[in-house]
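A.B. asks: The structure under discussion is supplied below as structure tokens; questions concerning it will follow.
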Amino acid sequence: MWENFEQNPVTLYPWSNGQEMDTVRLTAASMLGCGDNELALVPSTTVALNDIGEGLVTTGFLRPGDSVLTTDSEHGGGLAVWLHWQAAKVVDRIDTVAMPGPDATLDDLVARFKAALDPSTNGGVSYRVVAVSHVLTTTGLRLPLPEIAELAHAAGALFVVDGAQAPGGIAVNLTATGADAYTVSAHKWLLAPTGSGLLYVRGGALGTMFDGVTAQVVAPVYLDGGYQAYSQSSGTIPVQVFTCTRTHMDLGHHAFLLL
């Protein structure tokens, strides 16, 4: 496949007439329950999370003195972006919600986040971002995203989800999660090649509905050219990798439809 694409990159790559890459986005959007104008192709979840952090600082949504709430069971790639902006003196503090074992109840999980986000029980802290994993890499615990999203939004926070361990392992509808931004590593449970991932931003080019107002709150350089597979700001990504990824997404999509 790689040899096939490299024989005629002028016509097969996305800067010409080749549609292979954007077909991947359409397939992914269909599988994950979102619009193709909300989904970008990226190399990995970590890169996507870094783009989200940069995009929040670019728009001024994340400002010096702001706080981030996450869990005590996050992957290092999910924490790196917030630690970076803390070192840069933008994020003031990063607090964590203690996670129970994999047999935790829904009520227990919701109660933990409710207490962490309530200024009357958390010492008066107001969080700008709530960032969690959909499925914890440590225990496999699946977090109740819609319920956490509701709590985060009620507290005035943006909800960011590290979905590296979810799509392919469980059925995921991005719109239904309530996430403002969600990232995917296709090389995990979609069993696709390494170097393939997805970045979802609710509302896409129109921005995220936040506090009832449509605002561009996530605007990294990577998305300046839009969500299509190739732009001057995103640059060239490996078409052979994502074409293989589409095959795995097709298989995963059909499998979920049979459940």
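Each residue of the sequence shown is one higher than the one before, starting from 787 at the first, in the numbering used here. The C-beta atom is built at its ideal place from N, Cα and C for all residues, glycine as well.
1) Straight-line CA distance for Leu812 to Asp948?
2) For Gln875, count neighbouring C-beta atoms within 10 Å of its own C-beta (all shown protein chains included) and say buried if the count is 16 or more, exposed if not.
3) Could you give the first and the last residue of the continuous alpha helix (DSSP H) run that contains Asp889?
4) Can we say the region 890-897 touches the region 846-855, given the rule of at least three CB pairs closer than 8 Å?
5) Note down the Cα distance separating Leu944 from Asp966, rounded to an integer number of angstroms.
6) Would you kindly work out how many angstroms separate the C-alpha atoms of Thr907 and Ala901, rounded to a whole number?
7) Ala952: buried (16+ other C-beta within 10 angstroms of its C-beta) or exposed?
8) Check whether the Cβ atoms of Leu864 and Ala938 lie closer than 9 Å to each other.
9) Is the distance from the Cβ of Leu818 to the Cβ of Val958 below 9 Å?
10) Take Ser1017 and list the residues in its own chain whose beta-carbon comes closer than 7 Å to its own, dropping the five residues that flank it on each side.
11) My output table needs one value for Phe899: the three-state DSSP class, helix, strand or coil.
12) Compute the Euclidean distance between the alpha carbons of Gln872 and Ile934, then round it to the nearest angstrom.
13) Between Gly821 and the rest of its own chain, which residues show a CB-CB distance below 8 Å, the 5 nearest in sequence each way excluded?
14) Can you give me the Cβ contacts of Ala1005 inside the same chain, cut-off strictly under 6 Å, excluding the 5 residues immediately before and after it?
15) Are the Cβ atoms of Leu922 and Glu860 separated by less than 9 Å?
16) Please classify Tyr1016: does DSSP put it in a helix, a strand, or coil?
17) Pull the bridge partners of Arg879 from the DSSP assignment, please.
18) In the DSSP assignment, what residue or residues form a beta bridge with Thr813?
19) When DSSP labels each residue in this structure, what does Val1003 get in the three-state scheme?
20) Give the DSSP-derived three-state secondary structure of Ile956 in the structure shown.
21) For the alpha helix (DSSP H) that contains Ala826, what are its first and last residues?
22) List the DSSP bridge partners of Gly730.
23) Can you tell me whether DSSP reads Val843 as helix, strand or coil?
24) Let me know the secondary structure DSSP gives Asp808 once reduced to three states.
25) For Ala940, which of Arg988, Leu976, Thr925, Met995 has the nearest alpha-carbon?
26) Under the rule that 16 or more other beta-carbon atoms within 10 Å means buried, what is Asn803, buried or exposed?
C.D. replies: Here's the rundown:
1) 21 Å
2) In the sequence as presented, Gln is not what sits at residue 875; that position holds Lys. Under this definition Lys875 is an exposed residue.
3) Neither: Asp889 is in no alpha helix (DSSP H) and is coded neither H nor E.
4) Judged by Cβ distances under 8 Å, the region 890-897 makes no contact with the region 846-855, as fewer than three pairs qualify.
5) 6 Å
6) 6 Å
7) Counting other Cβ atoms within 10 Å of its Cβ, Ala952 reaches 16 or more and is therefore classed as buried.
8) It should be pointed out that residue 864 corresponds to Gly in this sequence rather than to Leu. Cβ distance not < 9 Å, so Gly864 and Ala938 don't count as in contact.
9) yes
10) Excluding the 5 residues flanking it on each side, Ser1017 has same chain C-beta neighbours closer than 7 Å at Gly1011, in chain order.
11) Phe899 carries a helical assignment under DSSP once its states are collapsed to helix, strand and coil.
12) For the pair Gln872 and Ile934, the Cα-to-Cα distance works out to about 23 Å.
13) Around Gly821: Ala815, Gly990.
14) Gly841, Thr844, Thr845
15) yes
16) coil
17) Ser853
18) Answer is none; Thr813 lacks a bridge partner.
19) coil
20) In the structure shown, Ile956 sits in a strand (DSSP, three-state: E or B).
21) Ala826 -> not in any alpha helix (DSSP H); beta strand (DSSP E) instead, spanning 825-828.
22) Only positions 787 to 1045 of the chain appear in the structure, and residue 730 is not among them; the question remains open.
23) helix
24) helix
25) Met995
26) With a pLDDT of only 48 at Asn803, under the threshold of 50, the placement of this residue in the model should not be trusted; the figure read from the coordinates follows. Classification of Asn803: exposed, given that the 10 Å Cβ count is below 16.
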